[in-house]
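Numbering (my numbering), first residue to last: 11 to 171.
Virtual Cβ for every residue (Gly too), placed ideally from N, Cα, C.
Treat the numbers as computed from the prediction; the structure is a model and nothing was measured.
Everything on this sheet refers to the single structure shown next.
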């Protein structure tokens, strides 16, 4: 294979990779935003009554610069005091499509992982799972009930401090 053929082949491979990366980025942004919307829907009543509030801010770092655009950190303020952070951290995760760190502001060392899992390879169907530590074996589907349990445990722990 000559130089020109190698150059053409390399160019085609890079175009394909760029397209793949764009698709991954778009899916990641869509699913992270969908998670935020779902959480707002779960707690709509509390948000309306002022017991909770939501703020968004831009992600300060990402595994790839293209991921800066359109991805946000969700900050869920509970009762005008403590804040829960949902920080999308990237898609370079073994066994998952992506990962969001869930933690109390000031307690990032006690974070929980939310892993975005693709349900079927052929279609764009995903769900979020909770991973409290790396030794965890069971899969825990992230839903309103589980999130409320996590928040309740954190608030209990803070009350003891």
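For the alpha helix (DSSP H) that contains residue i, what are its first and last residues?
i           : result
residue 156 : 154-170
Would you kindly report the start and end of the unbroken beta strand (DSSP E) that includes residue i?
i           : result
residue 130 : Unbroken run through residue 130: none, as it is neither H nor E.
According to DSSP, is residue i part of a helix, a strand, or is it coil?
i           : result
residue 139 : strand
residue 31  : helix
residue 11  : coil
With DSSP as the reference, please indicate the residues paired to residue i in a beta bridge.
i           : result
residue 123 : 111 and 141
residue 151 : 139
Please report whether the beta-carbon of residue i lies at a distance below 8 Å from any beta-carbon of chain B.
i          : result
residue 31 : Going by chain labels, chain B is absent from the structure shown, which holds only one protein chain.
Relative to the ligand NAD, is the shortest distance from any of its heavy atoms to the C-beta of residue i smaller than 7 Å?
i          : result
residue 16 : You won't find the ligand NAD in this model; it holds no ligand whatsoever.
Which runs of the alpha helix (DSSP H) fall wholly inside the region 39-110 and span at least 4 residues, in chain order?
Annotation: the region 39-110 contains the following complete segments of the alpha helix (DSSP H) (minimum length 4 residues), in chain order: 54-59.
Below 8 Å, how does it come out for the region 157-166 and the region 127-137: are there three or more Cβ pairs, yes or no?
No: the two stretches stay apart, fewer than three of their Cβ pairs being nearer than 8 Å.
Are the region 115-122 and the region 30-39 touching, with three or more C-beta to C-beta distances below 8 Å?
No, because fewer than three Cβ pairs between the region 115-122 and the region 30-39 fall closer than 8 Å, the two stretches do not touch.
Okay, do the region 89-105 and the region 140-156 touch, 3+ Cβ pairs below 8 Å being the bar?
Flag = no, the region 89-105 and the region 140-156 do not touch.
Is the region 37-57 touching the region 14-25 in the sense that three or more CB pairs, one from each, lie closer than 8 Å?
They do not touch, by the three-pair rule.
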